[in-house]
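Below is one structure, written out as structure tokens; the observations come after it.
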Amino acid sequence: MEEYLVIVESPAKAKTIKRYLGKKYDVKASMGHVRDLPKSQMGVDVDNHFEPRYITIRGKGPVLKELKSAAKKAKKVYLAADPDREGEAIAWHLAHSLDIDESSKCRVVFNEITKQAIKDAFKTPREINMNLVDAQQARRILDRLVGYNISPLLWKKVKKGLSAGRVQSVALKLIIEREKEIKEFIPEEYWSIKGIFKVREETFEAAFYGIDNKKTELKNKEDVDGVLGKLENNQFEVKQVQKKERLRYPVAPFITSSLQQEAARKLNFRAKKTMMVAQQLYEGIEIGKQGTTGLITYMRTDSTRISDVAKAEAKDHITQAYGSSYAGQYKPKKKKQNDNTQDAHEAIRPTSVIRQPKEMKQYLSRDQFRLYKLIWERFVASQMAPAVMDTVRADLVQAGVTFRATGSKIKFPGFMKVYTEGSDDSKKKDDENFLPELEEGMTVKKEKLDPKQHFTQPPPRYSEARLVRTMEEIGIGRPSTYAPTLDTIQRRGYVVIDDKKFVPTELGEVVLELIVEFFPEIIDVDFTAKMEGDLDSVEEGDVDWVKIIADFYKDFEKHLEKAEIEMKEVEIKDEPAGIDCDKCGHEMVYKMGRYGKFLACSNFPDCRNTKPILKKVGVTCPKCEKGDIVERRSKKRRIFYGCDRYPDCDFVSWDKPIPRNCPKCGEYLVEKKTKKGKVVQCSNCDFKED
Numbered sequence: 001m002e003e004y005l006v007i008v009e010s011p012a013k014a015k016t017i018k019r020y021l022g023k024k025y026d027v028k029a030s031m032g033h034v035r036d037l038p039k040s041q042m043g044v045d046v047d048n049h050f051e052p053r054y055i056t057i058r059g060k061g062p063v064l065k066e067l068k069s070a071a072k073k074a075k076k077v078y079l080a081a082d083p084d085r086e087g088e089a090i091a092w093h094l095a096h097s098l099d100i101d102e103s104s105k106c107r108v109v110f111n112e113i114t115k116q117a118i119k120d121a122f123k124t125p126r127e128i129n130m131n132l133v134d135a136q137q138a139r140r141i142l143d144r145l146v147g148y149n150i151s152p153l154l155w156k157k158v159k160k161g162l163s164a165g166r167v168q169s170v171a172l173k174l175i176i177e178r179e180k181e182i183k184e185f186i187p188e189e190y191w192s193i194k195g196i197f198k199v200r201e202e203t204f205e206a207a208f209y210g211i212d213n214k215k216t217e218l219k220n221k222e223d224v225d226g227v228l229g230k231l232e233n234n235q236f237e238v239k240q241v242q243k244k245e246r247l248r249y250p251v252a253p254f255i256t257s258s259l260q261q262e263a264a265r266k267l268n269f270r271a272k273k274t275m276m277v278a279q280q281l282y283e284g285i286e287i288g289k290q291g292t293t294g295l296i297t298y299m300r301t302d303s304t305r306i307s308d309v310a311k312a313e314a315k316d317h318i319t320q321a322y323g324s325s326y327a328g329q330y331k332p333k334k335k336k337q338n339d340n341t342q343d344a345h346e347a348i349r350p351t352s353v354i355r356q357p358k359e360m361k362q363y364l365s366r367d368q369f370r371l372y373k374l375i376w377e378r379f380v381a382s383q384m385a386p387a388v389m390d391t392v393r394a395d396l397v398q399a400g401v402t403f404r405a406t407g408s409k410i411k412f413p414g415f416m417k418v419y420t421e422g423s424d425d426s427k428k429k430d431d432e433n434f435l436p437e438l439e440e441g442m443t444v445k446k447e448k449l450d451p452k453q454h455f456t457q458p459p460p461r462y463s464e465a466r467l468v469r470t471m472e473e474i475g476i477g478r479p480s481t482y483a484p485t486l487d488t489i490q491r492r493g494y495v496v497i498d499d500k501k502f503v504p505t506e507l508g509e510v511v512l513e514l515i516v517e518f519f520p521e522i523i524d525v526d527f528t529a530k531m532e533g534d535l536d537s538v539e540e541g542d543v544d545w546v547k548i549i550a551d552f553y554k555d556f557e558k559h560l561e562k563a564e565i566e567m568k569e570v571e572i573k574d575e576p577a578g579i580d581c582d583k584c585g586h587e588m589v590y591k592m593g594r595y596g597k598f599l600a601c602s603n604f605p606d607c608r609n610t611k612p613i614l615k616k617v618g619v620t621c622p623k624c625e626k627g628d629i630v631e632r633r634s635k636k637r638r639i640f641y642g643c644d645r646y647p648d649c650d651f652v653s654w655d656k657p658i659p660r661n662c663p664k665c666g667e668y669l670v671e672k673k674t675k676k677g678k679v680v681q682c683s684n685c686d687f688k689e690d
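And the structure:
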């Protein structure tokens, strides 16, 4: 007979927990929040200490009715929502809806869904933590005050469907400021000289370093000619050889932001997808005879802490799999910690290292497997010994001109046997770069010198990974807010994704300009970071949440009154496309949608004709030899290339065709992206070139 009721957020989590608790426990899902602020109105009484008015969420009536019925029959009700502010708020709302005394020991929390963790959690239930609830309420009310006051203004002055928020406005500001930097960037010329040298029939590379043992910049061709003019022959003397042993330490286990960044780099996952798949792994997967099992710890965290039990299990596995020399202790890099870093949970790790990815693969979807493998490898590597690198630096000198050769090789792989961190820098050097044995005083022969002109590059546009990292570094948002923030600015049409990078739209620039003019504190990075710190203070019980809201609203209300009077209407005109609609004859215009610009008939809504904007790549179709190859997107937004005469010509290619044919077989060549960059290869034979 079921005596106790346990309420969690999702059916998957309920199913997993039910297995561990046994017959006396009935486990039900609330399907997230059951109460919230109303959608149709502000729902916050600004004249009465910002008292929120909560209502039952539309559609949650039947769920709440079922939970009330089960609660009446139960001897005791336990609220087991996720272990964060949001989860605490869900538990509090449930307590109110089910008439549960919030001061009773009804709250159960756990960082991982494993048998031991669940049983331990139910031995020590606690009261609902009102500090956590107040911190969540404060954030919710702040965002409601901002969104429900500024958004109607934007609807009236710009267009319907727009929104503004504290964190999303700062994220938009970062993207637009970066775009401005790129547009205003003035390239500067510089040169490099790469040399090929030879000793004992072995060749190696060295780059120009300087003159008279001082590092020298080559700003133009004249500087290069000056260096080359000093050289008298092909003989260079090895003047200095430095050999060092360097330790390379593993990176920390994942936190929310680093997981989103690495999943973007290595798996091409968007932040939203990463969190969705991680949630599935946390809540539980059907693992054969083991039943539904949680595979990772809680995925919303900014702590790198690891339990002693997990460390011991990892050490045993590493020793057995690789040998005792590979077992180490994680040593974090010396890095400035964010003042607001929380330590409520552990880092993201597998609930058991014994469940190796290759064994779990049969039970997981492709995306689940890839993310689980990434989390498993990162955690195991973090508990391994550092890699030992042998590094060599040699200076080659003639007539005061120095070329420097650097090389390294892995002496002991350590953690690198399992995992190495990805990088946003495509020019990152490999760890293996061998040099022949060089000794001071010996002579090497110059085979070739290759001077090259370069120009400095503007800062790169933000990818999701870069933007999440920047938001984390400056203290904007929290682990639970990164993914929804990035999703919102895309859904509103403020930014689009181009080649995996954020590009602001005209609409985004207009909205930001208005917010900057009338609500400067909303997009002020320092102000927003301080507000996050204030919310953390509420969580710690140091500050009253009403005071924080009141201090903010005092100035915000003045800005709002001014904006109501002075903000002018902005008309964003459709840009003519220069072609007529093939259905009604009216002019086609460019429109902005969620996925970027598209063509639409200006006679809308009478004519709803739309077309994608076809981007030509400058290649004639190799199949029909009449059409042009254009860039298209699949239903999953993946870029491919096809003939613009489709459906008359069905040529398609995932790789970008280029206007050259293979010198070997005569078929068309394509540009293919690889982990190391781009290569040109034949679409038919094995011909390939860098």
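Residue numbers (the UniProt record's numbering): 1 to 690.
Even for Gly, the Cβ is constructed at its ideal location relative to N, Cα and C.
A quick note: this is a predicted structure, and the numbers were derived from the prediction, not measured.
Which value, in whole angstroms, describes the spacing of the CA atoms of residue i and residue j?
i, j, result
"GLN368", "SER307", "24 Å"
"ASP120", "PHE110", "8 Å"
"GLN290", "VAL538", "41 Å"
"GLY666", "SER10", "58 Å"
"GLN116", "TYR25", "16 Å"
"PRO612", "PHE598", "5 Å"
"THR351", "THR319", "19 Å"
"VAL589", "ALA600", "6 Å"
"GLY226", "THR406", "24 Å"
"LYS214", "THR402", "9 Å"
"THR505", "LEU486", "14 Å"
"GLU575", "LYS591", "8 Å"
"GLY61", "LEU67", "10 Å"
"VAL241", "GLY210", "16 Å"
"GLY161", "PHE415", "50 Å"
"ALA252", "ARG378", "8 Å"
"ASN131", "GLY541", "6 Å"
"ASP430", "LYS194", "Note that ASP430 has pLDDT 48, beneath the 50 cutoff, so the model's placement of it is unreliable and no number is given."
"ASP339", "VAL495", "Low confidence applies to ASP339: its pLDDT is 44, below 50, so where it sits in the model is not reliable enough to give any reading."
"LYS688", "PHE254", "38 Å"
"ASN268", "ARG491", "20 Å"
"THR488", "TYR482", "10 Å"
"THR341", "THR304", "Per-residue confidence for THR341 stands at a pLDDT of 44, beneath the threshold of 50, marking its modelled position as unreliable; the derived number appears in the next sentence. The straight-line gap from Cα to Cα measures roughly 10 Å."
"GLU232", "ASN433", "29 Å"
"GLY22", "TYR322", "39 Å"
From this set, the options, which residue's C-alpha is nearest residue i's C-alpha?
i, options, result
"PRO659", "ASN684, ARG85 and ASP628", "ASP628"
"ASP644", "ARG638, ARG632 and LYS636", "ARG632"
"LYS558", "SER463, VAL146 and GLY533", "VAL146"
"SER382", "SER365, ASP395 and VAL418", "VAL418"
"VAL652", "CYS662, ARG178, LYS664 and SER683", "SER683"
"GLU286", "GLY323, SER365 and THR297", "SER365"
"ALA164", "LEU142, LYS180 and LYS183", "LEU142"
"ASP534", "LEU79, ALA135, GLU86 and LEU21", "ALA135"
"LEU5", "VAL46, GLY441, HIS49 and ALA80", "ALA80"
"PRO52", "GLN681, VAL133 and ASP606", "VAL133"
Look up residue i in the DSSP assignment and give the residues it is bridged to.
i, result
"GLN681", "VAL670 and LYS688"
"LEU396", "VAL238 and PHE403"
"ASN603", "According to DSSP, ASN603 bridges with nothing at all."
"GLU205", "ILE196"
"ALA29", "VAL8"
"SER653", "TYR641"
"GLU575", "TYR590"
"VAL77", "LEU5"
To the nearest whole angstrom, what separates the beta carbons of residue i and residue j, a pair I think is in contact under 8 Å?
i, j, result
"LEU174", "THR443", "Going by Cβ atoms, the distance from LEU174 to THR443 rounds to 54 Å, so no, they are not a contact pair."
"ALA529", "ILE476", "6 Å"
"GLU569", "LYS157", "5 Å"
"ASP82", "TYR298", "7 Å"
"residue 693", "ILE354", "Past the boundaries of the shown model lies residue 693; the chain is included only from 1 to 690, so the question cannot be answered."
"GLU102", "GLU127", "7 Å"
Following a CB-centred definition, is residue i positioned closer than 7 Å to any heavy atom of the ligand GDP?
i, result
"MET389", "Among the ligands in the structure shown, none appear at all, so the ligand GDP cannot be discussed."
Item to complete: Pair every Cβ in the segment 502-518 with every Cβ in the segment 448-459, then say whether three or more of these pairs are closer than 8 Å.
Response: no
Worksheet entry | Meets three-Cβ-pair contact criterion under 8 Å: the segment 32-47 and the segment 86-103 | yes
Worksheet item: Just checking, does the segment 171-190 make contact with the segment 577-589 on the three C-beta pairs under 8 Å criterion?
Response: no
Worksheet entry | the segment 256-269 contacting the segment 467-483, beta-carbon criterion three pairs below 8 Å | yes
Worksheet item: Within the chosen definition, does the segment 649-656 reach the segment 617-628 through at least 3 CB pairs nearer than 8 Å?
Response: yes
Fill in: contact_flag[the segment 182-199, the segment 353-372] where n(CB pairs < 8 Å) is 3 or more
no
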